[in-house]
Amino acid sequence: MKFRYLPMTEQDQKEMMDTIGIDHIDELFADIPKEVRFKEDLNIEEALDETRLVKEMQRLAGKNLNLKEVTSFLGAGVYEHYIPTVVNHMLLRSEFYTAYTPYQPEISQGELQAIFEFQTMISELTGMDIANSSMYDGPTALAEAAMMSAGHTKKKTILVSKTVHPESRAVLKSNAKGQNLTVVEIDEKDGVTDLDHLSEQYGDDTACVVVQYPNFFGNIEDLSAIESIAHKGKGLFVVSSNPLSLGLLQPPGKFGADVVVGDVQPFGIPTQLGGPHCGYFAVTNKLMRKVPGRLVGQTKDQTGKRGFVLTLQAREQHIRREKATSNICSNQALNALGASIAMSALGKTGVKDIANQNIQKAHYAKEELRKHGVEVVYSAPTFNEFVIRLSRPIKEINEELLAKNILGGYDLSRDYSDKENMMLVAVTELRTKEEIDEFASVLGGVK
Amino acid sequence: MNIQQDQSLIFEISKEGRVGYSLPELDIPEIDINELVPSQFQRKIDAELPEVSELQIVRHYTALSRRNHGVDSGFYPLGSCTMKYNPKINEDVARFPGFAHIHPYQPESTLQGALELMYKLQNSLAEITGMDAVTLQPAAGAHGEWTGLMMIRAFHEANGDTQRTKVIVPDSAHGTNPASATVAGFDSITVRSNEKGLVDLEHLREVVGEDTAALMLTNPNTLGLFEEQIVEMASIVHEAGGKLYYDGANSNAILGITRPGDMGFDVVHLNLHKTFTTPHGGGGPGSGPVGVKEELVPFLPKPMVVKDGNTYRFDYDIPQSIGRVKPYYGNFGINVRAYTYIRTMGPVGLRKVSEFAVLNANYMFRRLEPFYDAPYTQHCKHEFVLSGRRQKKLGVRTLDIAKRLLDFGYHPPTIYFPLNVEECLMIEPTETESKETLDEFIDAMIQIAKEVEENPEIVQEAPHNTVIDRLDETTAARKPILRYTTEA
Chain A
1 MKFRYLPMTE
11 QDQKEMMDTI
21 GIDHIDELFA
31 DIPKEVRFKE
41 DLNIEEALDE
51 TRLVKEMQRL
61 AGKNLNLKEV
71 TSFLGAGVYE
81 HYIPTVVNHM
91 LLRSEFYTAY
101 TPYQPEISQG
111 ELQAIFEFQT
121 MISELTGMDI
131 ANSSMYDGPT
141 ALAEAAMMSA
151 GHTKKKTILV
161 SKTVHPESRA
171 VLKSNAKGQN
181 LTVVEIDEKD
191 GVTDLDHLSE
201 QYGDDTACVV
211 VQYPNFFGNI
221 EDLSAIESIA
231 HKGKGLFVVS
241 SNPLSLGLLQ
251 PPGKFGADVV
261 VGDVQPFGIP
271 TQLGGPHCGY
281 FAVTNKLMRK
291 VPGRLVGQTK
301 DQTGKRGFVL
311 TLQAREQHIR
321 REKATSNICS
331 NQALNALGAS
341 IAMSALGKTG
351 VKDIANQNIQ
361 KAHYAKEELR
371 KHGVEVVYSA
381 PTFNEFVIRL
391 SRPIKEINEE
401 LLAKNILGGY
411 DLSRDYSDKE
421 NMMLVAVTEL
431 RTKEEIDEFA
441 SVLGGVK
Chain B
1 MNIQQDQSLI
11 FEISKEGRVG
21 YSLPELDIPE
31 IDINELVPSQ
41 FQRKIDAELP
51 EVSELQIVRH
61 YTALSRRNHG
71 VDSGFYPLGS
81 CTMKYNPKIN
91 EDVARFPGFA
101 HIHPYQPEST
111 LQGALELMYK
121 LQNSLAEITG
131 MDAVTLQPAA
141 GAHGEWTGLM
151 MIRAFHEANG
161 DTQRTKVIVP
171 DSAHGTNPAS
181 ATVAGFDSIT
191 VRSNEKGLVD
201 LEHLREVVGE
211 DTAALMLTNP
221 NTLGLFEEQI
231 VEMASIVHEA
241 GGKLYYDGAN
251 SNAILGITRP
261 GDMGFDVVHL
271 NLHKTFTTPH
281 GGGGPGSGPV
291 GVKEELVPFL
301 PKPMVVKDGN
311 TYRFDYDIPQ
321 SIGRVKPYYG
331 NFGINVRAYT
341 YIRTMGPVGL
351 RKVSEFAVLN
361 ANYMFRRLEP
371 FYDAPYTQHC
381 KHEFVLSGRR
391 QKKLGVRTLD
401 IAKRLLDFGY
411 HPPTIYFPLN
421 VEECLMIEPT
431 ETESKETLDE
441 FIDAMIQIAK
451 EVEENPEIVQ
461 EAPHNTVIDR
471 LDETTAARKP
481 ILRYTTEA
């Protein structure tokens, strides 16, 4: 079989071997000890020609139910939203996607400027002084925020609310183990962080308080009250936030957050089974030199022309090695670019418009469900998600919904033993009145 | 090509009232926002996102893309980064709705294709690396390093070996190695290289001991040289009770030729965005799967994909697991691209990949050797290092040589790394480049070497035809401007 990615002809190979002074390519591997050389063919599937390859990949893709062929009320940290067509077209400019990290600024101004614009947009949305160029995803960004807090405050205890996404807490715990930090979970009360419990747990060793806004149940946490507890001592205030909600919600920066993290997936990034998405990391100026990952700064060339460079690199692993602020190297630059394009397309009015539609539609769904006798569990204000209680296990009900081509909400009993029969429902701008009405009426029937 | 010399920021072309989006009118009665969200939680000042039309967006990002160099623009011999061709079919496949628009919390019965793909990719990577099991969770190489080290830590702790607090790293290692060791709670110790560019075995024997948790090694190493004493190194570390960690950044040299598992490594990470053609994306997203030997299988992160009869499912029942390292199931969209590539090449193709990657590197090495100093002269693997010592004596730094290459339309090699080579240039051509491209680049390098002797200013003052000259990085770091503001 011939391979279309391998251009060397027989003649090329011969000429090259002559230059090197060898008769066979194997000679180049003579330094590999015989006992560790692999002698047979790898036992993996045989190569496919392009036509059969497409067929095989279509077969695999076709075995998955995709969100475009079903009515989805599933969110829980990963959301299907409107993606402007222009996003994908611009991402396919291969000067972006086939480039490495912009280490040579003279031929990377496009990427560097795009990241600088991304940093600006995230700062604007979160109400923070600065933002970095991206993290792997929201949960790892949250874990890095906790690590950074511990490093900055020299304290060892992380207080995290149980209303923070369960997977974020799981990732946080794995990371904390590496750094020998203690993670204390703060109870939930009526769907929001229990302020009394938080206050009790706050102590001299508190490195930070971590909450989510809107929280995992969709409820809007009282950041003002939490801030006054978080800043009782030396601890930092870390808020994880869905950036799309910040089109309309007061940004965490205005409540005195020291670090705001989250995932920009709601802006232009397909759900794709949960990754790759794109974390963001925003801080106040005083934490600028503690930030993990890459930062792009504006500067000038010798002729005074504006340009952009990777900066404050003394924080990073390739310079500081074991003393770096984090081990992160690759990030999610291309997805940050996609999110920037989506944020540019939505713009100043669109981001408010889309946030408002999410709030309105979720509220409408809540009211319709109530009308059909379904219990809406919490009374706190919400963004685009809320919790309902049904009379039977959610897993069972979701199977019945699927038979009607509806993807039901998240089964909260997976993570919370006290939330049997509770479903986290997500309603985005994509759901129409008819779809919501049908959902409410079906659930009214099974309640 | 007429590239506009000064490119406005998207905020600078914003004008009130313009939009680049299309949302439907609300089809439900709109409720006063004050009834839904209490005033203290409502945003008071709008986020200053740009107000631009769709064509303005297209022009803006097209203009930015033209100010960027990718593999599709030209040769990109950036050492240790494996800047090979990123196949177009991979991009198409990852965008199939059945891969792009699936939700991590859908019932497993509706994700059988995705699970099958992940299962097959896990197994293919295990076979390629000679490991017993592979997790696809880590998001990138450094994330994989940390994941692997956390498993090694859990293994030692499970054996009551809590005194194993040290990770040994060669002086030529990637910066992520010691940084990952720190994040995993270890101290790192450096082991020296010898005059052949390989790990100094005597020194290794001195530094291993009862406190050794692991040795992290890249093989071929960052000088592009195969650590030919690997079997002996493995036994030194294993006899001391430590584990061997393989940094897979350089695995493009060994596909089907030798396997880390057979060399004695216990843990491996791969950079799918290097060896397995997924695009670097200007810095990410990548994917850093980790493979382990039997002894470490109980500590893998949760969940793994398993097959029961004819169905696939996520397995969360891993009692000694180090836990979750990533939400959901890793960078699935990247893993789809890597699997597509593996299916394109098959066992024969993958072996040829490494053969040609190594042939190309050696060909360039031998042709450039007369013009630049070669600190190590044996056959290299997929990459090689040169030193600009000779040129430095004439007043031209390696940085200048790199900048001069920009004038020829090339992305320069990696420079000043590894740290143990003076004025280092690290060159990795990859297997997807034609002989003509290699020859043109070699000619440019030879011309620059001559310029250094005859007309050094042209090199010292390079680049001459990029959109921007060398930038003032010192001021950028001293007085950081990290965002646009209208006042600035």
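Protein sequences, first through last, are from chains A and B.
Residue numbering for the first sequence follows the working numbering, starting at 1 and increasing by one per position.
Residue numbering for the second sequence follows the working numbering, starting at 1 and increasing by one per position.
The beta carbon of each residue, even a glycine, is placed where N, CA and C say it ideally should be.
1. Name the residues in the segment 228-245 of chain B whose C-beta lies less than 8 Å from a C-beta of chain A; which are they?
2. Exposed or buried, which one is B:S321 when buried takes at least 16 other CB atoms within 10 Å?
3. Could you give the distance in angstroms between the alpha-carbon of A:P270 and the alpha-carbon of A:V171?
4. Kindly say whether A:K68, judged by its beta-carbon, lies nearer than 8 Å to any beta-carbon of chain B.
5. Is it true that the CB of B:A94 sits closer than 8 Å to the CB of B:G333?
6. When you compare only the Cα positions, how much space is there between A:P102 and A:N132?
7. Can you find the residues in the same chain that come closer than 7 Å, C-beta to C-beta, to A:L248, ignoring five residues on each side of it along the sequence?
8. Which residues in chain A sit within 8 Å of B:E454, going by Cβ to Cβ distance?
9. Is it buried or exposed, B:F11, if we count other Cβ atoms within 10 angstroms and call 16 or more buried?
10. Applying a beta-carbon distance threshold of less than 7 Å, which residues of chain B neighbour A:Q265?
11. By DSSP, does B:M131 sit in helix, in strand, or in coil?
12. Tell me, please, whether the CB atom of A:P252 is closer than 8 Å to any CB atom in chain B?
13. Go through its chain and collect everything with a Cβ distance to B:P456's Cβ below 7 Å, but skip five positions before and after it.
14. May I have the straight-line CA-CA distance separating B:R428 from B:H101, to the nearest angstrom?
15. Flag A:D204 as yes if its beta-carbon sits less than 8 Å from any beta-carbon of chain B, otherwise no.
16. Counting only C-beta atoms, is B:A213 closer than 8 Å to chain A at any point?
17. Can you confirm whether B:M150, when its beta carbon is compared against all beta carbons of chain A, has any partner nearer than 8 Å?
18. So, at 7 Å on beta carbons, what are the nonlocal neighbours of A:P300 in its own chain, with the 5 sequence-adjacent residues on each side left out?
19. Examine the Cβ distances between the segment 17-27 of chain B and the segment 334-353 of chain A and report whether three or more of them are shorter than 8 Å.
20. Does any C-beta atom of chain B lie closer than 8 Å to the C-beta of A:M148?
21. Run down chain A in chain order and give the residues with a C-beta less than 8 Å from the C-beta of B:L223.
22. Please list, in chain order, the chain B residues whose beta carbon lies closer than 9 Å to that of A:S228.
23. So B:P418 and B:T222 are in contact, right, with Cβ under 8 Å, and what is the actual spacing, rounded?
24. Quick one: any contact between the segment 139-158 of chain B and the segment 116-125 of chain B, if contact means 3 or more CB pairs under 8 Å?
25. Using beta-carbon positions only, say whether B:I236 and B:V191 come within less than 8 Å of one another.
26. Since A:V261 and A:L142 should fall inside the 8 Å C-beta cutoff, what is the C-beta to C-beta distance between them, to a whole number of angstroms?
27. List the whole-angstrom C-beta distance separating B:I31 from A:H363, where the pair is believed to meet the contact cut-off of C-beta under 8 Å.
28. Of all the options A:I158, A:Q272 and A:M1, which has the alpha carbon lying nearest to the alpha carbon of A:A230?
29. Alpha helix (DSSP H) containing B:V452: first to last residue?
30. For A:E429, which three-state DSSP category applies?
31. So which residues of chain B does A:Y364 contact, with C-beta pairs closer than 7 Å?
32. By the criterion of Cβ-Cβ separation under 8 Å, what are the contact partners of B:T62 in chain A?
33. Identify every residue that forms a DSSP beta bridge with B:H269.
34. By alpha-carbon positions, which one of B:V58, B:R66 and B:L386 ends up nearest to A:P84?
35. In or out: B:Y341 buried (at least 16 other Cβ within 10 Å) or exposed?
36. Say whether chain A places a C-beta atom closer than 8 Å to the C-beta of B:L368.
For this structure:
1. Within the segment 228-245 of chain B, the residues whose Cβ lies closer than 8 Å to some Cβ of chain A are E228, I230 and V231, listed in chain order.
2. One-based indexing of the second sequence puts residue 321 of chain B at position 321. Buried: at least 16 other Cβ atoms inside 10 Å.
3. Taking the first sequence and counting its residues from 1, one reaches residue 270 of chain A at position 270. Taking the first sequence and counting its residues from 1, one reaches residue 171 of chain A at position 171. Cα to Cα, the separation comes out at about 22 Å.
4. In the first sequence, the residue the question calls residue 68 of chain A occupies position 68. Judged by the 8 Å Cβ criterion, A:K68 is in contact with chain B.
5. By one-based count along the second sequence, residue 333 of chain B stands at place 333. By one-based count along the second sequence, residue 94 of chain B stands at place 94. Cβ distance < 8 Å, so B:G333 and B:A94 count as in contact.
6. Stepping through the first sequence from its first residue, residue 102 of chain A is reached at position 102. Stepping through the first sequence from its first residue, residue 132 of chain A is reached at position 132. Distance between the alpha carbons of A:P102 and A:N132 is about 15 Å.
7. Counting from 1 along the first sequence, the entry for residue 248 of chain A is found at position 248. Same-chain partners within the cutoff: K352, A355, N356 and I359.
8. Reading the second sequence from its first residue, position 454 is the one you call residue 454 of chain B. Ordered by position in chain A, no residue passes the 8 Å Cβ test against B:E454, which lies about 24 Å from the chain.
9. As a first step, residue 11 of chain B must be located in the second sequence, where it is residue number 11. Counting Cβ neighbours within 10 Å, B:F11 comes out buried, since at least 16 surround it.
10. By 1-based counting over the first sequence, the position of residue 265 of chain A is 265. Those within 7 Å of A:Q265 in chain B number zero; the least Cβ separation is about 10 Å.
11. Numbered from its first residue, the second sequence carries residue 131 of chain B at position 131. B:M131 falls in the coil class under three-state DSSP.
12. Indexing the first sequence from 1 puts residue 252 of chain A at position 252. Put simply, the CB of A:P252 is far from chain B, with every gap to its CB atoms at 8 Å or more.
13. As a working note, residue 456 of chain B is residue 456 in the second sequence. Around B:P456: L394, G395 and V396.
14. To locate residue 428 of chain B, count along the second sequence from 1; it is residue 428. To locate residue 101 of chain B, count along the second sequence from 1; it is residue 101. The sequence shown places Glu at residue 428 of chain B, rather than the Arg named in the question. Each residue's Cα considered, the two are about 36 Å apart.
15. As a position in the first sequence, residue 204 of chain A is number 204, starting the count at 1. With 8 Å as the cut-off, A:D204 does not count as an interface residue toward chain B.
16. Residue numbering aside, residue 213 of chain B sits at position 213 when the second sequence is read from its first letter. Not closer than 8 Å to any Cβ of chain A, the Cβ of B:A213 fails to qualify, so no.
17. In the second sequence, residue 150 of chain B corresponds to position 150, counting from 1. It does: the Cβ of B:M150 has a partner Cβ on chain A nearer than 8 Å.
18. As a first step, residue 300 of chain A must be located in the first sequence, where it is residue number 300. Rather than Pro, the amino acid found at residue 300 of chain A in this sequence is Lys. The answer, listed in chain order, is R306 and G307.
19. yes
20. By one-based count along the first sequence, residue 148 of chain A stands at place 148. Interface annotation, A:M148: not in contact with chain B, CB-CB separation never under 8 Å.
21. Taking the first residue of the second sequence as 1, we reach residue 223 of chain B at position 223. Those within 8 Å of B:L223 in chain A number zero; the least Cβ separation is about 13 Å.
22. Along the first sequence, one-based indexing puts residue 228 of chain A at 228. In chain order: nothing, as chain B lies at least about 14 Å away.
23. Here residue 418 of chain B is taken as the residue at index 418 of the second sequence, counted from 1. Here residue 222 of chain B is taken as the residue at index 222 of the second sequence, counted from 1. Indeed they touch by this definition, with Cβ atoms about 5 Å apart.
24. no
25. Numbered from 1 along the second sequence, position 236 holds the residue referred to as residue 236 of chain B. Numbered from 1 along the second sequence, position 191 holds the residue referred to as residue 191 of chain B. No, the Cβ-Cβ distance between B:I236 and B:V191 is not below 8 Å.
26. Taking the first residue of the first sequence as 1, we reach residue 261 of chain A at position 261. Taking the first residue of the first sequence as 1, we reach residue 142 of chain A at position 142. 5 Å between Cβ atoms; contact.
27. Counted from its first residue, the second sequence places residue 31 of chain B at position 31. Counted from its first residue, the first sequence places residue 363 of chain A at position 363. With a Cβ gap of about 6 Å, B:I31 and A:H363 count as contacting.
28. Stepping through the first sequence from its first residue, residue 230 of chain A is reached at position 230. Of A:I158, A:Q272 and A:M1, the residue nearest in Cα terms is A:I158.
29. In the second sequence, the residue the question calls residue 452 of chain B occupies position 452. K435 to E454 is the span of the alpha helix (DSSP H), which, as asked, contains B:V452.
30. Numbered from its first residue, the first sequence carries residue 429 of chain A at position 429. In the structure shown, A:E429 sits in coil (DSSP, three-state: anything other than H, G, I, E or B).
31. Residue 364 of chain A sits at position 364 when you count from the first residue of the first sequence. By Cβ distance, chain B contributes I28.
32. Reading the second sequence from its first residue, position 62 is the one you call residue 62 of chain B. Within 8 Å Cβ-Cβ: M90 and R93.
33. For the purposes of this step, residue 269 of chain B is taken as the residue at position 269 of the second sequence. In the DSSP output, where bridge partners are listed per residue, B:H269 has B:D247 and B:V290.
34. To locate residue 84 of chain A, count along the first sequence from 1; it is residue 84. Here the closest residue by C-alpha is B:V58.
35. Taking the second sequence and counting its residues from 1, one reaches residue 341 of chain B at position 341. Within 10 angstroms of the beta-carbon of B:Y341 lie 16 or more other beta-carbons, which makes it buried.
36. Translated into the one-based positions of the second sequence, residue 368 of chain B becomes position 368. No, because no Cβ of chain A sits closer than 8 Å to the Cβ of B:L368.
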